[in-house]
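Colleague: The structure is given below, and queries will be raised subsequently.
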Ligand SMILES: [Zn+2]
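In this note's numbering, the protein residues as written are 55 to 260.
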């Protein structure tokens with residue numbers, strides 16, 4: 055794309071690095087910013103910079119947080135013995151939106167996927183297994199999407215904690231195979247957490 059300004063071209067190149075944003079959309083956004091007051095772009099740039107530099111991951115659940123321990127983990131009203139294992143922070147948001155879960159989370163940061171070069175060590179699985187072995191957890195709920203990678207990850211974790219004398223369950227499959235949690239509607243997702251089933255059942259059926 056031939057542009058009359060190198061500055062515009064640079065901005066468009068940066069914006070178009072974002073997922074789902076092509077060169078044309080990037081140009082539209084850049085031109086939009088040029089029409090707005092200068093402060094608008096300053097606020098946007100500052101918000102992005104601050105987010106990138108200052109955001110933390112909760113020491114306990116690995117959720118995104120502004121503090122060392124996130125608001126959920128710090129809340130005394132949440133049930134610390136019940137842990138919902140999810141792939142990423144979007145799943146925490148989706149489940150929180152249902153308003154039906156009073157336990158805590160453990161954010162894995164992805165799923166085991168050899169094709170994408172993601173092994174267990176790149177995820178927070180060890181921290182989860184350690185947490186279980188410390189003995190304060192009564193139940194783990196696996197809430198990963200029911201893809202092959204999700205099932206592999208569940209089973210990998212299950213193998214390491216199955217002798218720990220805790221309940222392991224998996225969210226009921228009102229959610230169709232391959233659906234990502236974040237796209238499930240709140241009612242379905244809420245119901246699938248309430249009607250969770252023992253993890254061992256999911257092993258027999260597959
Ligand atoms: Zn936390």
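Here a beta-carbon is modelled for each residue, glycine too, at the ideal position from N, C-alpha and C.
1. For residue 114, does the count of other Cβ atoms within 10 angstroms reach 16, so buried, or fall short, so exposed?
2. Mind checking whether residue 224 and residue 245 have CB atoms under 8 Å apart?
3. Taking the alpha-carbon positions, what's the residue 70 to residue 86 distance?
4. For the beta strand (DSSP E) containing residue 221, list its first residue and its last residue.
5. Looking at the structure shown, is residue 255 part of a helix, part of a strand, or coil, going by DSSP?
6. So what does residue 167 bridge to, in DSSP terms?
7. My assumption, with CB atoms under 8 Å, is that residue 139 sits in contact with residue 215. Please give the rounded CB distance.
8. For residue 203, which residues of its own chain have a beta-carbon under 8 Å away from its beta-carbon, when the five flanking residues on both sides are left out?
9. Please confirm whether residue 212 and residue 174 have their CB atoms less than 8 Å apart.
10. Going by beta-carbon coordinates alone, are residue 117 and residue 161 separated by less than 8 Å?
11. Applying the criterion that 16 or more other CB atoms from any shown protein chain within 10 Å of the CB defines a buried residue, is residue 77 buried or exposed?
12. State the CB to CB distance for the pair residue 186 and residue 220, rounded to an integer number of angstroms; the pair is presumed to be in contact (CB under 8 Å).
13. Once you ignore the five residues that flank residue 143 on each side, which residues in its own chain have a CB closer than 8 Å to its CB?
14. Looking at ligand 1, does it come within less than 7 Å of residue 127, judged from the CB to the closest heavy atom?
Modeller: A quick look at the data gives this:
1. buried
2. no
3. 15 Å
4. 221 to 224
5. helix
6. 172
7. Not confirmed; about 10 Å, so no contact.
8. 165, 166 and 167
9. no
10. yes
11. exposed
12. 6 Å
13. 117, 118 and 161
14. yes
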